[in-house]
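Residue numbers for the sequence shown, in our numbering: 15 to 130. Following: one structure in structure tokens, then a few remarks.
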Amino acid sequence: VQLQAFGGGLVQAGGSLRLSCAASGIIFRLYRMGWYRQAPGKERELVATIEHGGSTTYTDSMKGRFTISRNNAENTVNLQMTSLEPEDTAVYYCNAYYSWGDIDYWGQGTLVTVSS
Numbered sequence: 015v016q017l018q019a020f021g022g023g024l025v026q027a028g029g030s031l032r033l034s035c036a037a038s039g040i041i042f043r044l045y046r047m048g049w050y051r052q053a054p055g056k057e058r059e060l061v062a063t064i065e066h067g068g069s070t071t072y073t074d075s076m077k078g079r080f081t082i083s084r085n086n087a088e089n090t091v092n093l094q095m096t097s098l099e100p101e102d103t104a105v106y107y108c109n110a111y112y113s114w115g116d117i118d119y120w121g122q123g124t125l126v127t128v129s130s
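As structure tokens, this is what we get:
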């Protein structure tokens, strides 16, 4: 199983970035996909999830700024981030979760740095 995340980088406050995650080795359409992030010195936190049918959840601070989407034909999940703030600086991780087997996979993370 491989979850390869990419798209991170350095952006100024107020800017936008689009993260993508390509999954392989899983039956992608069965998994809830998600993005989590971990800022320096902090716990990993949920950013957003998207179910196989397309329903989404977001952490409150990211609602309206971030949009998660998935393409079941291409086995990809994306995170469009807008109005970025320095507090959004973190390593962003892609996650695949299959509830029936309580199976959890993580990608290697991609660093997002937002400068003020």
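Glycine included, every Cβ here is placed at the ideal spot set by N, Cα and C.
Problem set entry | residue 126 beta carbon less than 8 Å from that of residue 17 | With a cutoff of 8 Å on beta-carbon distance, residue 17 and residue 126 are scored as not near each other.
Problem set entry | residue 69 beta carbon near the ligand ZN (any heavy atom closer than 7 Å) | With respect to the ligand ZN, the structure shown offers nothing to examine, as it has no ligands at all.
For this session: Would you kindly report the start and end of the unbroken beta strand (DSSP E) that includes residue 84?
Result: Start and end: 80 to 85.
Exercise. Are the beta-carbon atoms of residue 86 and residue 33 separated by less than 8 Å?
Worked result: Pairing residue 86 with residue 33 gives a Cβ-Cβ distance that is not under 8 Å.
For this session: Flag this pair as yes or no: are the beta carbons of residue 51 and residue 106 separated by less than 8 Å?
Result: Against a cut-off of 8 Å, the Cβ pair of residue 106 and residue 51 comes out as a contact.
Exercise. How many angstroms separate the CA atom of residue 68 from the CA atom of residue 54?
Worked result: Per the coordinates, the alpha-carbon of residue 68 lies some 31 Å from the alpha-carbon of residue 54.
For this session: Can you check the region 33 to 63 for any alpha helix (DSSP H) of at least 4 residues that lies completely inside it and give the ranges in chain order?
Result: Runs found: none.
Exercise. Terminal residues of the continuous beta strand (DSSP E) containing residue 130?
Worked result: Counting along the chain, no beta strand (DSSP E) covers residue 130, and no H or E run does either.
Exercise. How many angstroms separate the CA atom of residue 47 from the CA atom of residue 71?
Worked result: Approximately 11 Å between the Cα atoms of the pair.
Problem set entry | Where the beta strand (DSSP E) containing residue 98 begins and where it ends | Unbroken run through residue 98: none, as it is neither H nor E.
Exercise. Quick one: Cα of residue 116 to Cα of residue 44, how far?
Worked result: Our two residues, residue 116 and residue 44, have alpha carbons roughly 12 Å apart in a direct line.
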